[in-house]
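Residue numbers (the numbering used here), protein chains in the order written: chain A, 160 to 527; chain B, 847 to 1114. Below: the structure, in C-alpha cells.
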Amino acid sequence: EKWATTRTKHPATSLALQYFDATYGVQLGQLWPSVRAALLSERKYGALLNNCSNDDVLANLHAQGSKDFLSDTEGRSPPCLEQEPEVVSEEESSDVSVSDLDGQQRSPLQLSTNIKCLVFPRGDITRFKPARPDICGLLGYYLMDAASVLPCLALDVQEGHSVLDLCAAPGGKTLALLQTQFIGFLCVNDTSVSRTLRLRKVLQSYVPKPLLSDQKLCITSFDGTKWEERNTFNRVIVDVPCTTDRHSLMEDDNNIFSKSRTGERQKLPQLQLELLLAGIIAACPGGEIIYSTCTLSQIQNQSVVEQAVHTAQEVHGIHLQVVDLRPLTRMFRKTFHFAPDLHLGEMVIPHLAANFGPIYMCKLRRLT
Amino acid sequence: TLKSTQPNHELNLLSMQPVTELSLPSLVDMGFTDSQAEQLYDATSKLKGGAAKHALSTLTALFVLGLNPSNVLKLLEKCPELYTIKESQIQQRIANIRKLGLVEGSLQRVVSHYPQILTVPVKTVKNVVVFLREKCLFTAQQVTEILRDSPAVVLENMGQLEYKFQYVYFRMGVKQAEMVKSRLLRFTLEEVRCRHCFLERRGLYQTPDKKGQTVILNPKLASILKGDEDTFLTDVANASAEEYDVLKRMMKREWWEEEQLQGTIEAN
Ligand SMILES: C[S@@+](CC[C@H](N)C(=O)[O-])C[C@H]1O[C@@H](n2cnc3c(N)ncnc32)[C@H](O)[C@@H]1O
C-alpha cells in the first residue's frame, strides 16, 4: 500500500513531463534521456559571491570544497566531455552564420568582471549552506543556478554603461551584474509588484545603501512590453518568463502546465517576443541585448529571437547582428554541458554530473 | 584417488562412533587430506572452550548430505558457526528445508553456497515462509524456488523484505512469477530502487496503470537486475557510469532525508 500511487490523476507536473517527452524527445533526440534524468533530480546551485560583504566568505567556501567556475577555465576541453568539432579556425568560423540572419560576428571576450560564482566540482552533490549576514547585515553570497551567471557575463558590461534589466525579479542576474561594479546607471523592472518587492529586499540584503541611490539605480514595476524609453541603454537583459522547465516538473503549485493556465502558457512566445522587442528598442544603436530563458523549448528560444530580429528590421527599421557566444561556452565547458549545434544562441543543458540549467541565451547587437 | 576415498570415508563414519574429540587422524579417516585435516583442526582448536563440541556431529551431518571433504572444508571456513550447533538442531533444520521442497541436489547446492541457512532456527525459516505465502502471495512452488535461488532471504529483516516486495509489486508493477524468475530477493532494496529510479527518470520505465498498461514497453525485471552495473548501464539504461554514480549518491541522500522526515513526523 505504501507504494500505491496516491497522486491525483493528472497533476501539472505529469502534464509537464508528458509535454516535454513529446517535444524535447524530438528536439534533443539521443540527449533527452540524460537531460530528463537530470531535470528530475536535485539541481546544483552556485554561490554568487557578494563583493560588498565584509566577511571572508571566499575562504570559507573554498574550505568546503567549492571553486569559482569563472577562474576554472581551460583552453582545451577535458577528455570526458564531448568535443565539438573544431575544424574551422577562429576567422573562418565567423562565416558560419545564421541562415536568414546576418552573419554572426566574433567578439573577443575579455572577462575582466569582478563576478565570482562558486560551485562544487563535477559529480559532487554537496549543498551550500544558507548565507549569513556580516556585521553590516549584508549576506555573503546568493544561491542561484550557476548557469544564470552566463547571460550576465555574455552581456559584457563596460565601465560607465547604462543597463536595463527588463524582467528582473527576484534579482539573481541583477546581483551578478552589480558585482561587476562597472555599471553607471541600472534600471531594474518587473511587472509583478510582489516580485518587485522581493527584488528590493534582495538588493537591500546584498548591496550597501549608497550604491542603491536614485542616481545609480531605479526600480520599477511596469509591463515591460510597454517600455517607453528608446535608444537609451548600452546594455539590456531580457530574461523572460517561460515554462521554467525544472520548476514545472517539480512543483504542482503555481504550475504553468496546470489546466487553468493553458491559455497563459500558449501566449508565452508572443509575450517573450514583445518583451525582447521592447528591450531591443530600449537599447541604443551599438548597444547589446541578451535574451535568456530557463527552458529548453525551441519555440520559446530560437524562434522568438528569429522573429524579433525579423520584426525589428521590418517594423522598426532596426538592424541587428547576432553575436557569437561560442568563445564563452568554450571557456566554461569544464563546468557546464552545452547543447551541441544550436543554430542560434547557446544553451546549458542539465546533466546529472553538472546539474545546472536549462539556460538559453542569445546575444544581439544593434547596428542601427 | 578420489574414488578410493569415498568408500573409505563412509566406513570410517561408522567406526567413528565412539570418538568424541576431533583429532588429526580421525579427520584423515573421514577423508580429509593431511593439510585439510590440519586446517580444520586448527580452526576448531581456535574456538574457545566447548564451542567446538558439536564439530563432529556437524561434520557427520554434512557428509550425510553427500558433500565431499573439500566442499565441507570450504563451507566451514565460510561459516565456522556451524561447529557449535547441536546435532539434533542441525538434523531438524535439514529436515525442515527438505520439507520445503529442496530435495537432493538443490539441498546440497544451497547448503554449500549458503551454509548460514543451517544456523537459522526452524521457527525463523517457517515464519519467512508464512510471510512469503501469506503476505506476498507466492505459491508453494515459488517459495521453494526462492529458497533455492536466494536462501539468504531467511535471514533478511522482515520489514525490509516487505518494503522490497511492495516496492516492486506496486511501484514497478511486477507480479510474483516475474519476481521469482528475476531472483529479486537476492538484491538489496537499494540496488533495485536505484536501477529502477534511474530508468524511470530517463524515461525508460513506467508504473503500469490499474489495467496494467504502460505507454512505453518496460524492460523485464530480470533484465534490469541481471548482470553487473556495467552491463546494466550499456544494455538497459544506455547511460554513463558517471551519471549513474551521481544518481546513486543522490538517491541515498533523498531516501535518508525521507526517513528522517518520517521519523520526526512519527515522533510528533
Ligand atoms: C525568469 S523570471 C526573471 C528572473 C530574474 N531575471 C533573476 O535572474 O532573478 C521572469 C520575470 O518576468 C516577469 N514578467 C512577466 N511578465 C512581464 C512583463 N510583461 N514585463 C516585465 N516583467 C514581466 C515575471 O514577474 C518574472 O519575475
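Note that beta-carbon positions come from the ideal geometry of N, C-alpha and C, so glycine has one too. Note that the structure is predicted; figures quoted are calculated from it, not measured.
Subject >> Residue-chain proximity (Gly-184 of chain A, chain B), Cβ-Cβ < 9 Å >> reply: On the first sequence, residue 184 of chain A is found 25 positions in, with the first residue counted as 1. Chain B, which has a Cβ nearer than 9 Å to the Cβ of Gly-184 of chain A, makes this yes.
Original post:
Looking only at DSSP bridge pairs, what is Gly-205 of chain A linked to?
Top reply: Within the first sequence, numbered from 1, the residue matching residue 205 of chain A stands at position 46. Note: Gly-205 of chain A sits in a beta bridge opposite A:Met-303.
Original post:
Is it the case that the CB of Cys-326 of chain A approaches a heavy atom of ligand 1 more closely than 8 Å?
Top reply: Counting from one through the first sequence, the residue named residue 326 of chain A turns up at place 167. Indeed, a heavy atom of ligand 1 lies less than 8 Å from the Cβ.
Original post:
What is the DSSP secondary structure of Phe-416 of chain A, counted as helix, strand or coil?
Top reply: Along the first sequence, one-based indexing puts residue 416 of chain A at 257. Secondary structure of Phe-416 of chain A (DSSP, three-state): coil.
**OP:** Check whether the Cβ atoms of Phe-515 of chain A and Asp-304 of chain A sit closer than 9 Å, and answer yes or no.
**Re:** Residue mapping note: residue 515 of chain A aligns to position 356 of the first sequence, counting from 1. Residue mapping note: residue 304 of chain A aligns to position 145 of the first sequence, counting from 1. Going by C-beta atoms, Phe-515 of chain A is nearer than 9 Å to Asp-304 of chain A.
Original post:
Helix, strand or coil: how does DSSP classify Leu-479 of chain A here?
Top reply: Walking along the first sequence from the start, residue 479 of chain A turns up at place 320. Under the three-state reduction of DSSP, Leu-479 of chain A is assigned to strand.
Original post:
Which partner residues does His-559 of chain A have in the DSSP bridge list?
Top reply: Given a span of 160 to 527 for chain A in the structure shown, any question on residue 559 of chain A remains unanswerable.
Original post:
Can you find at least 3 beta carbon pairs, one from the region 1086-1097 of chain B and one from the region 506-515 of chain A, that sit closer than 8 Å?
Top reply: With the rule of 3 Cβ pairs closer than 8 Å, the region 1086-1097 of chain B counts as touching the region 506-515 of chain A.
Original post:
Listing by chain order, which chain A residues have their CB less than 7 Å from the CB of Gly-1058 of chain B?
Top reply: For the purposes of this step, residue 1058 of chain B is taken as residue 212 along the second sequence, with counting starting at 1. One finds nothing in chain A with a Cβ atom closer than 7 Å to the Cβ of Gly-1058 of chain B; even the nearest lies about 13 Å away.
Subject >> Of the listed residues A:Met-490, A:Thr-488, A:Glu-465, A:Pro-517, nearest to Leu-523 of chain A (C-alpha basis) >> reply: Translated into positions along the first sequence, residue 523 of chain A becomes position 364. The residue with the shortest Cα to Cα distance from Leu-523 of chain A is A:Glu-465.
Subject >> Per-residue contacts from Ala-889 of chain B into chain A (C-beta, under 7 Å) >> reply: Here residue 889 of chain B corresponds to residue number 43 of the second sequence, with the count starting at 1. Around Ala-889 of chain B, no beta-carbon contact reaches into chain A at under 7 Å, the shortest distance being about 45 Å.
**OP:** Can you tell me the Cβ-Cβ gap for Val-974 of chain B and Val-1000 of chain B, rounded? I've got them flagged as a contact below 8 Å.
**Re:** Looking up residue 974 of chain B in the second sequence gives position 128. Looking up residue 1000 of chain B in the second sequence gives position 154. Their Cβ separation, rounded to whole angstroms, is 5 Å, which keeps Val-974 of chain B and Val-1000 of chain B in contact under 8 Å.
**OP:** Below 9 Å between beta carbons is the criterion; list the residues of the region 1073-1095 of chain B that meet it against any residue of chain A, in chain order.
**Re:** Those residues of the region 1073-1095 of chain B that come within reach of chain A (Cβ to Cβ, closer than 9 Å) are Ala-1083, Asn-1084, Ala-1085, Ser-1086, Glu-1088, Glu-1089, Tyr-1090, Asp-1091, Val-1092, Leu-1093, Arg-1095.
Subject >> Secondary structure of Leu-1057 of chain B, DSSP reduced to three states >> reply: Residue numbering aside, residue 1057 of chain B sits at position 211 when the second sequence is read from its first letter. In the sequence as presented, Leu is not what sits at residue 1057 of chain B; that position holds Lys. Three-state result, Lys-1057 of chain B: coil.
Original post:
Any chance the CB of Ser-462 of chain A is under 8 Å from a heavy atom of ligand 1?
Top reply: Sequence index remark: in the first sequence, residue 462 of chain A carries index 303 (1-based). Not so, every heavy atom of ligand 1 lies at least 8 Å from the Cβ.
Original post:
Is it true that the region 992-1011 of chain B meets the region 943-962 of chain B, where meeting means three or more beta-carbon pairs spaced less than 8 Å apart?
Top reply: Touching, yes, given that three or more Cβ pairs across the two stretches are closer than 8 Å.
**OP:** With a threshold of 8 Å, establish whether the CB of Val-1082 of chain B neighbours any heavy atom of ligand 1.
**Re:** Working through the second sequence from its first residue, we reach residue 1082 of chain B at position 236. Result no, Cβ not under 8 Å from ligand 1.
Original post:
Along the chain, which unbroken stretches of the alpha helix (DSSP H) at least 4 residues long are found entirely within the region 168-204 of chain A?
Top reply: Taken in chain order, the whole alpha helix (DSSP H) runs of length 4 or more contained in the region 168-204 of chain A are 171-187, 191-198.
Original post:
By a C-beta neighbour count over all protein chains shown, 10 Å radius and 16 as the cutoff for buried, is Pro-967 of chain B buried or exposed?
Top reply: The residue labelled residue 967 of chain B in the question sits at position 121 within the second sequence. Classification for Pro-967 of chain B: exposed.
**OP:** Consider the C-beta atom of Val-399 of chain A and the heavy atoms of ligand 1; say whether any pair is separated by less than 8 Å.
**Re:** Residue mapping note: residue 399 of chain A aligns to position 240 of the first sequence, counting from 1. It does: the Cβ of Val-399 of chain A is within 8 Å (strictly closer) of some heavy atom of ligand 1.
Original post:
How about the region 185-202 of chain A and the region 421-434 of chain A: do they share at least three Cβ pairs that are nearer than 8 Å?
Top reply: Taking 8 Å as the limit for Cβ pairs, the verdict is that the region 421-434 of chain A does not touch the region 185-202 of chain A.
Subject >> Partners in chain A for Leu-1050 of chain B, counting only beta-carbon separations shorter than 9 Å >> reply: Translated into positions along the second sequence, residue 1050 of chain B becomes position 204. By Cβ distance, chain A contributes Pro-192.
**OP:** Measuring only between beta-carbons, confirm whether Ser-456 of chain A sits less than 9 Å from chain B.
**Re:** As a first step, residue 456 of chain A is located in the first sequence; it is residue number 297 there, counting from the start. No, no contact with chain B.
Subject >> Sequence-distant residues of its chain with Cβ nearer than 8 Å to Leu-187 of chain A (five each side left out) >> reply: In the first sequence, the residue the question calls residue 187 of chain A occupies position 28. Taken in chain order, the residues that qualify are Val-194, Leu-455, Ala-498, Ile-508.
**OP:** With distances taken Cα to Cα, identify the nearest neighbour of Leu-356 of chain A among A:Pro-192, A:Gly-299, A:Lys-368, A:Ser-380.
**Re:** Position 197 of the first sequence, counted from the start, is the residue given in the question as residue 356 of chain A. Among A:Pro-192, A:Gly-299, A:Lys-368, A:Ser-380, the Cα nearest to that of Leu-356 of chain A belongs to A:Ser-380.
Original post:
Name the chain B residues whose beta carbon is nearer than 9 Å to that of Asp-404 of chain A?
Top reply: As a position in the first sequence, residue 404 of chain A is number 245, starting the count at 1. Within 9 Å Cβ-Cβ: nothing; Asp-404 of chain A doesn't reach chain B, min ~14 Å.
**OP:** From the DSSP output, in three-state form, read off Arg-524 of chain A for me.
**Re:** Looking up residue 524 of chain A in the first sequence gives position 365. Of the three classes helix, strand and coil, the one that applies to Arg-524 of chain A here is strand, per DSSP.
Original post:
Who pairs with Tyr-528 of chain A in a beta bridge, going by DSSP?
Top reply: Beyond the ends of chain A as shown, which are 160 and 527, falls residue 528 of chain A; an answer cannot be given.
Subject >> Pairwise C-alpha distance: Val-352 of chain A and Arg-359 of chain A >> reply: The residue you call residue 359 of chain A lines up with position 200 of the first sequence. The residue you call residue 352 of chain A lines up with position 193 of the first sequence. Distance between the alpha carbons of Arg-359 of chain A and Val-352 of chain A: 10 Å.
Original post:
Can Ala-883 of chain B and Leu-893 of chain B be called in contact, C-beta distance under 9 Å?
Top reply: Counted from its first residue, the second sequence places residue 883 of chain B at position 37. Counted from its first residue, the second sequence places residue 893 of chain B at position 47. No, they are not a contact pair.
Subject >> C-beta atoms of Gln-338 of chain A and Asn-210 of chain A nearer than 9 Å >> reply: Numbered from its first residue, the first sequence carries residue 338 of chain A at position 179. Numbered from its first residue, the first sequence carries residue 210 of chain A at position 51. Their beta carbons are under 9 Å apart, which means Gln-338 of chain A touches Asn-210 of chain A by this criterion.
**OP:** Reducing DSSP to helix, strand and coil, say where Ile-936 of chain B ends up.
**Re:** For the purposes of this step, residue 936 of chain B is taken as residue 90 along the second sequence, with counting starting at 1. Helix, per DSSP.
Original post:
Which residue's Cα is closest to the Cα of Asp-227 of chain A: A:Gly-504, A:Val-185, A:Phe-491?
Top reply: Numbered from its first residue, the first sequence carries residue 227 of chain A at position 68. For the residues A:Gly-504, A:Val-185, A:Phe-491, the minimum Cα distance to Asp-227 of chain A belongs to A:Phe-491.
Original post:
Among all the DSSP beta bridges, which residues are the ones paired with Thr-379 of chain A?
Top reply: For the purposes of this step, residue 379 of chain A is identified with residue 220 of the first sequence, where counting begins at 1. Thr-379 of chain A is bridged by DSSP to A:Asn-348.
**OP:** Using a Cβ cut-off of 9 Å (strictly closer), state whether Phe-977 of chain B contacts chain A.
**Re:** Working through the second sequence from its first residue, we reach residue 977 of chain B at position 131. Not a single C-beta of chain A is nearer than 9 Å to the C-beta of Phe-977 of chain B.
**OP:** Give a yes or no on whether 9 Å exceeds the smallest Cβ distance from Arg-1032 of chain B to chain A.
**Re:** What you label residue 1032 of chain B is simply residue 186 of the second sequence in a count that begins at 1. Put simply, the CB of Arg-1032 of chain B is far from chain A, with every gap to its CB atoms at 9 Å or more.
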